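Scroll down for the structure; my scribbles are underneath it.
Residue numbers (my numbering): 41 to 286.
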């Protein structure tokens, strides 16, 4: 019998991820790897990752990769894209890297309509450094730096990243929010974001609702309840801007 062909980019059998058990990063990256394979763009794709838990993906794929300083992945992949417009460039980061220290780069790249794809994992905490409150921490959610729960009256509401990006980008940008609770839908959003870049339409952004049971201190049932029920009440899943449907 013929032997099964190993996917070119996504190599789950030979490259298990390094994230904590139950972490959502592995699921987001699996969806991304399958999207790259299905679009057959491995040979011209460059993957950039941020500091934070996302940095553990630097050698995850069989594609050219670069790991940047915290919050600087967006301008690095922008520079790569401008130097060689034929490449498909991907910036991968967490909510801290995209909405806190890297927010100015995200805003300006979106406003300039840079022809890149940004993927951001939203797990509502600064995960690698111990679970502190992040820009996406939910109202009343307890973290290491909000032990009594986040109070929006003092710290403001959680960041609505895709909605912000959609408001400042041009008509041809692609913006969506997916979730690790629906990988088929998430992979579809990632493929559309990559195709939008391949067609030269401009900035593409996908936020992925992710899980962090280590810092949430939740068991499997509680983790999925938080992702599937609590997070989606505030962070609406779906396509926010899709030029193909305009």
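All residues carry an ideal CB built from backbone N, CA and C; glycine is no exception.
Fair warning: this is a prediction, and the values are worked out from it, not measured in the lab.
{"Asked": "Residue 194, buried or exposed, once every other Cβ within 10 Å from all chains shown has been counted against 16", "Found": "exposed"}
{"Asked": "Distance, residue 217 Cα to residue 169 Cα", "Found": "25 angstroms"}
{"Asked": "Distance, residue 127 Cα to residue 312 Cα", "Found": "In this structure the chain extends from 41 to 286, so residue 312 is not present and cannot be described."}
{"Asked": "Alpha-carbon to alpha-carbon, residue 188 and residue 145", "Found": "32 angstroms"}
{"Asked": "First and last residue of the uninterrupted alpha helix (DSSP H) at residue 148", "Found": "143-151"}
{"Asked": "Cβ-Cβ distance between residue 149 and residue 87 below 8 angstroms", "Found": "no"}
{"Asked": "Own chain partners of residue 285 with C-beta closer than 7 angstroms, once the 5 adjacent residues on each side are dropped", "Found": "none"}
{"Asked": "Cβ pair residue 97, residue 69 closer than 8 angstroms", "Found": "yes"}
{"Asked": "Sequence-distant residues of the same chain with beta carbon closer than 8 angstroms to residue 200, five excluded per side", "Found": "275"}
{"Asked": "Continuous beta strand (DSSP E) assignments of at least 3 residues falling wholly in the stretch 174-223", "Found": "214-219"}
{"Asked": "Identity of the residues DSSP links to residue 245 by a beta bridge", "Found": "158 and 215"}
{"Asked": "Bridge partner(s) assigned by DSSP for residue 129", "Found": "86"}
{"Asked": "Minimum C-alpha distance to residue 75 - residue among 262, 227 and 57", "Found": "227"}
{"Asked": "DSSP state of residue 277 mapped onto helix, strand, coil", "Found": "coil"}
{"Asked": "Residues bridged to residue 166 [DSSP beta-bridge criterion]", "Found": "172"}
{"Asked": "Integer-rounded CB distance, given that residue 198 should sit under 8 angstroms from residue 176", "Found": "5 angstroms"}
{"Asked": "Candidates 110, 106, 179 and 235, of which the one nearest residue 78 by Cα", "Found": "235"}
{"Asked": "Local Cβ density within 10 Å of residue 273, reported as buried at 16 or more and exposed below that", "Found": "exposed"}
{"Asked": "Chain D within 8 angstroms of residue 132, Cβ atoms only", "Found": "This model lacks chain D altogether, as it is built from one protein chain only."}
{"Asked": "Secondary structure of residue 250, DSSP reduced to three states", "Found": "coil"}
{"Asked": "One or two residues paired with residue 270 in a DSSP bridge", "Found": "According to DSSP, residue 270 bridges with nothing at all."}
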